[in-house]
Structure formats: C-alpha cells, structure tokens
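Here the protein sequences come in this chain order: P and S.
Using the numbering used here, the first residue of the first sequence is number 124, and each one after it goes up by one.
Using the numbering used here, the first residue of the second sequence is number 291, and each one after it goes up by one.
Even for Gly, the Cβ is constructed at its ideal location relative to N, Cα and C.
Because the structure is a prediction, the values reported are computed rather than measured.
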Amino acid sequence: KEKHKILHQLLQNSTSPVDL
Amino acid sequence: PEAADLRALARHLYEAYLKYFPLTKAKARAILSGKTGDNATFVIHDMKSLMEGEQFLNCRQIPIQEHHISGQGPTNAVELRFFHSCQSRSAEAVREVTEFAKSIPGFTDLDLNDQVTLLKYGVIEVLIIMMAPLMNKDGTLISYGQIFMTREFLKSLRKPFCQMMEPKFEFSVKFNTLELDDSDMALFLAVIILSGDRPGLLNVKPIEQLQETVLHALELQLKLNHPDSLQLFAKLLQKMTDLRQIVTDHVHLLQLLKKTEVDMCLHPLLQEIMKDLY
Numbered sequence: 124k125e126k127h128k129i130l131h132q133l134l135q136n137s138t139s140p141v142d143l
Numbered sequence: 291p292e293a294a295d296l297r298a299l300a301r302h303l304y305e306a307y308l309k310y311f312p313l314t315k316a317k318a319r320a321i322l323s324g325k326t327g328d329n330a331t332f333v334i335h336d337m338k339s340l341m342e343g344e345q346f347l348n349c350r351q352i353p354i355q356e357h358h359i360s361g362q363g364p365t366n367a368v369e370l371r372f373f374h375s376c377q378s379r380s381a382e383a384v385r386e387v388t389e390f391a392k393s394i395p396g397f398t399d400l401d402l403n404d405q406v407t408l409l410k411y412g413v414i415e416v417l418i419i420m421m422a423p424l425m426n427k428d429g430t431l432i433s434y435g436q437i438f439m440t441r442e443f444l445k446s447l448r449k450p451f452c453q454m455m456e457p458k459f460e461f462s463v464k465f466n467t468l469e470l471d472d473s474d475m476a477l478f479l480a481v482i483i484l485s486g487d488r489p490g491l492l493n494v495k496p497i498e499q500l501q502e503t504v505l506h507a508l509e510l511q512l513k514l515n516h517p518d519s520l521q522l523f524a525k526l527l528q529k530m531t532d533l534r535q536i537v538t539d540h541v542h543l544l545q546l547l548k549k550t551e552v553d554m555c556l557h558p559l560l561q562e563i564m565k566d567l568y
C-alpha cells in the first residue's frame, strides 16, 4: 500500500483537488 | 446485455469523459484546423519560442533547483525545465484519468489493490491514446491547447529527449486515420483501463466481466457511429498491442533518463507508477 500511496489517495478521495 | 443498456453505458462514459477531460478531440481538431475563430495558439518551433512560451507552461510547475542547473549550461536547463512541465501536466492528467476510471460502473467496487494495479498499468496507455487527437503529422497541441509544438522542434532536442515523442507521432498519425470521435474514445479508454491481464491482479474475473460489457458497448457504438468503416472494432483492438510496446519503450527511456540526467527528479506520482513497471 505504501508503494502506491498517491494512487490510493487519488482513488479514495472525491474529486476535490489533490495536492499533486 | 440489451442494446439499450449498452447505449446508456456509452452515454454515461461519454459524459464522464467530457466532465474530466478538459481538451476534447472536437476542440483540439478545431484548434488544429484553425476553426476556433481566434489566433491564440502559440507556436513553439525553436529554443527562442520555447523560452517565450514558457509562461504558458507554468501550470503547477515543479520548482527546479537552480544550483543544479547552473552547472549545466542554459540549453540543458531549458530541456530539463520543459521536461518538468511535461511531468506536472502528466501528473494532473493521471488525476483526470483516475476520476474517469472511478466513473466506470463497477470500477470502485473492485478490490482497491486491483484498482491501483489497473491504473498503474493502464494510465500511460490512456495518456498516449489521448495524445493522438492533439497531434497531426507536423506537431502537437500542449498546455490545454494553448500551444502548438512542432515535431521538428521536438526532434531537434538533445538525446534522449528527442527520442521521446517521435514514436507517439508515428502511432498517432496512424491512429487518427481511424477517425474516432470523443464518444468512441470514452469507451475505448474504459476498455484499456479494464484489462484483466495486468500483472499482479488479485481478482481477474470481475474485471473481465466489466470489460466484456464495455467491449459490447464499444462494438455497438462503432457500428452505429461508423456504419461504413469496416472492421473498425477489430482494428481498434489491434491498436492495444502497439500501445503496450510504446509504453514499454517509453518506460525504458525514462529509466535511461533517470540514470543519465543528474538533475532529473521524477514527479512522485509518476515515480509510483513507473516503479517496477515492465
């Protein structure tokens, strides 16, 4: 899970802008 | 599935596509053919125009470490800076593709680890397909269609930067002869994302079932939307094989860049995607 932390975040967050 | 359900699925994916992808093919083709009414497209064709155009490229730019750059001379810095802009835009595009994937009915019900795997392996393929509408044989739109960058200029960059886009141009020019529109593209992108043969998937069955439904919807869509284009569905599926080769080569090129370019730091999201990929 740690390996793909941002992808997990993107998948679980709503459409609100994610800090990229 | 009933034809009506497949049409509803096609409509749903088209709506999601329009919602999440700001530059549609329809808009891109209008810009490329000069039919937008304004002449606002800035053309980058050499180093001078690249520098002039950089203000357009500043969308969420990763700060570049000046002390690293200073040792390399100005030309190297421009290429690296441009490469960083490309990375920022790619990371943003990954976010858009993720939102689109989440809108595919059933996608968010899949095992979360499988959702990650599908995106990890699918997203570069999707991004390359989405480049095609922005390209013609002479160049490509970038920066949400504000800039046209010439193919010759990209070819003139120093190695290996000059090798990055040429295979995408070759693919895109051929792909564009299929003349898909945005509603076809939406279904095709969903098919790519729902590939059940990605390495490391835990539960392949539900992914294949979802893909099969979208494939039916795509087949019907192409029959209705391109009644005179024979074997379009089969031709399109064949493109998926070419696409995998392009992605493999692209990843290898990035790995090479990482080794040879001292100052290259890959965006963390792209790093995640590239890690252990092919």
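Exercise. From Leu514/S to Asp401/S, what distance separates their C-alpha atoms?
Worked result: 34 Å
For this session: At 9 Å on the CB atoms, spell out the chain P contacts of Lys565/S, in chain order.
Result: Lys126, His127
For this session: Give the interface partners of Gln405/S over in chain P, defined as CB-CB distance under 7 Å, in chain order.
Result: Leu134
Problem set entry | Own chain, CB closer than 7 Å to His357/S, minus 5 neighbours either side, in chain order | In this prediction, His357/S has a pLDDT of 36, which is less than 50 and means its spatial position is unreliable; nothing more can be read from the coordinates.
Exercise. Taking Cβ positions only, does Leu308/S come closer than 8 Å to chain P?
Worked result: Not one beta carbon of chain P lies nearer than 8 Å to the beta carbon of Leu308/S.
Problem set entry | Backbone CA spacing between Phe372/S and Ser433/S [nearest angstrom] | 11 Å
Problem set entry | Own chain, CB closer than 7 Å to Pro312/S, minus 5 neighbours either side, in chain order | Tyr434
For this session: Could you work out which residue in Gln511/S, Glu562/S, Leu444/S, Thr388/S is closest to Arg301/S when comparing CA atoms only?
Result: Gln511/S
Problem set entry | Gln436/S versus Leu303/S, Glu344/S, Asp295/S, Ile414/S, residue with shortest Cα-Cα distance | Glu344/S
Exercise. Where Asp518/S and Leu508/S are concerned, what is the direct C-alpha to C-alpha distance, given to the nearest angstrom?
Worked result: 16 Å
For this session: Could you work out which residue in Gln545/S, Ser339/S, Ser485/S, Leu491/S is closest to Ala502/S when comparing CA atoms only?
Result: Checking the displayed sequence, the identity of residue 502/S turns out to be Glu instead of Ala. When only C-alpha atoms are compared, the closest one is Ser485/S.
Exercise. From which residue to which residue does the beta strand (DSSP E) around Leu431/S run?
Worked result: 429–432
For this session: Helix, strand or coil for Thr388/S, going by three-state DSSP, please let me know.
Result: helix
Exercise. So what's Asn426/S in DSSP terms, helix, strand or just coil?
Worked result: When DSSP states are grouped into helix, strand and coil, Asn426/S belongs to the strand group.
Exercise. Using a Cβ-Cβ distance under 8 Å, would Lys548/S count as near chain P?
Worked result: No, no contact with chain P.
For this session: Given a cut-off of 8 Å, decide if Ile419/S and Ile482/S are closer than it, judged by their beta-carbon atoms.
Result: yes
Exercise. Whose Cβ in chain B lies nearer than 9 Å to the Cβ of Pro312/S?
Worked result: Absent here is chain B; the protein component of the structure consists of chains P and S.
Exercise. Does any C-beta atom of chain P lie closer than 8 Å to the C-beta of Leu559/S?
Worked result: Chain P, which has a Cβ nearer than 8 Å to the Cβ of Leu559/S, makes this yes.
Problem set entry | For Lys536/S, the three-state DSSP class (helix, strand or coil) | According to the sequence provided, residue 536/S is Ile. The question's Lys does not apply to it. Correct three-state label for Ile536/S: helix.
Problem set entry | Contacts around Ile352/S, its chain only, beta-carbon distance under 7 Å, and the 5 residues preceding and following it disregarded | Residue placement at Ile352/S is poorly supported in this model, since its pLDDT is 41, which falls under 50; the coordinates are not used for a value here.
Problem set entry | Straight-line gap, Ala391/S to Met455/S (C-alpha atoms, nearest Å) | 25 Å
Exercise. Out of curiosity, what's the CA-to-CA distance linking Lys317/S and Gly396/S?
Worked result: 30 Å
Exercise. Of all Cβ atoms in chain P, is any one closer than 8 Å to the Cβ of Lys449/S?
Worked result: no
Exercise. Roughly how far, in whole angstroms, is the beta-carbon of Val406/S from the beta-carbon of Leu134/P, given that I think they are within contact range, below 8 Å?
Worked result: For a cut-off of 8 Å, the C-beta gap from Val406/S to Leu134/P is around 7 Å, short enough to register as a contact.
Problem set entry | Whether Leu491/S touches Asp404/S by CB criterion (8 Å) | yes
Exercise. Skipping 5 residues on each side, what residues in its chain have a beta carbon closer than 7 Å to that of Glu439/S?
Worked result: Note on residue identity: the sequence assigns Met, not Glu, to residue 439/S. If we look at Met439/S and ignore the five residues flanking it on each side, its Cβ neighbours are Ile334, Gly429, Thr430, Ile432.
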